[in-house]
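Asker: Each residue of the sequence shown is one higher than the last, beginning at 4 in the numbering used here.
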Amino acid sequence: MAKAPSKAFTRIRAEVIRLVGLIPEGKFTTYGSIAVHMNVVARHVATVMSHLTLEESKALPWHRVVSADARISPNMNPETAKKQRRRLKAEGMKINAEGYIQNTDEHFHVVGPRREIRWSEVKDEA
4 MAKAPSKAFT
14 RIRAEVIRLV
24 GLIPEGKFTT
34 YGSIAVHMNV
44 VARHVATVMS
54 HLTLEESKAL
64 PWHRVVSADA
74 RISPNMNPET
84 AKKQRRRLKA
94 EGMKINAEGY
104 IQNTDEHFHV
114 VGPRREIRWS
124 EVKDEA
């Protein structure tokens with residue numbers, strides 16, 4: 004039987020999903036930018052993003068999150084990468100043959116400053 008996720012990971016997952024939902028159309032951010040804001044590592048963000056449910060994938064602008072170098076991840080499933088490229092281009096972004104977003108300053112979404120959160124110690128709100 005699979006181990007249930009920790010309370011900390013459940014909170015991290017919810018915050019990643021919330022932040023991705025706030026990325027405006029025509030903008031992108033990176034796994035690392037979200038991670039810095041949340042005071043976690045980029046791998047946490049990537050893990051959440053790679054395990055979205057079908058419903059979450061349909062509701063979230065997941066395609067607006069790319070690797071640190073403003074590139075569609077070369078490790079992504081090729082069909083998913085094609086879908087991401089199409090969606091980003093439909094929002095006005097130019098992407099070169101290697102998958103790099105062009106004019107990044109024009110399209111980059113700043114998530115926010117680093118938050119000093121210790122996820123394992125976050126108290127449940129009443």
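Quick reminder that beta carbons are idealized off the backbone N, C-alpha and C, glycines included.
With a Cβ-Cβ cutoff of 8 Å, do valine 68 and isoleucine 37 count as a contact?
Answerer: On the sequence shown, position 65 is the one that residue 68 refers to. On the sequence shown, position 34 is the one that residue 37 refers to. The answer is yes: Cβ separation under 8 Å.
Asker: Are the CB atoms of tyrosine 34 and valine 43 nearer to each other than 8 Å?
Answerer: Residue numbering aside, residue 34 sits at position 31 when the sequence shown is read from its first letter. Residue numbering aside, residue 43 sits at position 40 when the sequence shown is read from its first letter. Not closer than 8 Å, so no.
Asker: Can you give the Cα-Cα distance for alanine 129 and methionine 96, rounded to whole angstroms?
Answerer: Here residue 129 refers to the residue found at position 126 of the sequence shown. Here residue 96 refers to the residue found at position 93 of the sequence shown. Residue confidence is low: alanine 129 scores 41 on pLDDT, short of 50, so the model does not pin down where it sits. Its coordinate-derived value is still stated next. Distance between the alpha carbons of alanine 129 and methionine 96: 42 Å.
Asker: Threonine 32: buried (16+ other C-beta within 10 angstroms of its C-beta) or exposed?
Answerer: Here residue 32 refers to the residue found at position 29 of the sequence shown. With 16 or more Cβ atoms within 10 Å of its Cβ, threonine 32 is classed as buried.
Asker: Classify arginine 121 as helix, strand or coil using the three-state DSSP reduction.
Answerer: The residue given as residue 121 occupies position 118 in the sequence shown. Coil.
Asker: Consult DSSP for isoleucine 98 and reduce its assignment to one of helix, strand or coil.
Answerer: The residue labelled residue 98 in the question sits at position 95 within the sequence shown. Isoleucine 98: strand per DSSP, three-state reduction.
Asker: Within 10 angstroms of the Cβ of valine 19, are there 16 or more other Cβ atoms? Answer buried if so, exposed if not.
Answerer: Along the sequence shown, one-based indexing puts residue 19 at 16. It counts as buried.
Asker: Out of Thr13, Gly29, Val23, Met52, point me to the one whose CA is closest to histidine 110's CA.
Answerer: Your numbering for residue 110 matches position 107 in the sequence shown. When only C-alpha atoms are compared, the closest one is Gly29.
Asker: Could you name the residues of the same chain whose beta carbon sits closer than 8 Å to that of histidine 66, not counting the 5 residues immediately before and after it, in chain order?
Answerer: Walking along the sequence shown from the start, residue 66 turns up at place 63. If we look at histidine 66 and ignore the five residues flanking it on each side, its Cβ neighbours are Lys86, Gln87, Arg90, Leu91.
Asker: Compute the beta-carbon to beta-carbon distance between isoleucine 75 and glycine 102, rounded to the nearest angstrom, for a pair I have assumed lies under 8 Å.
Answerer: If you number the sequence shown from 1, residue 75 lands on position 72. If you number the sequence shown from 1, residue 102 lands on position 99. Right, their Cβ atoms sit about 4 Å apart.
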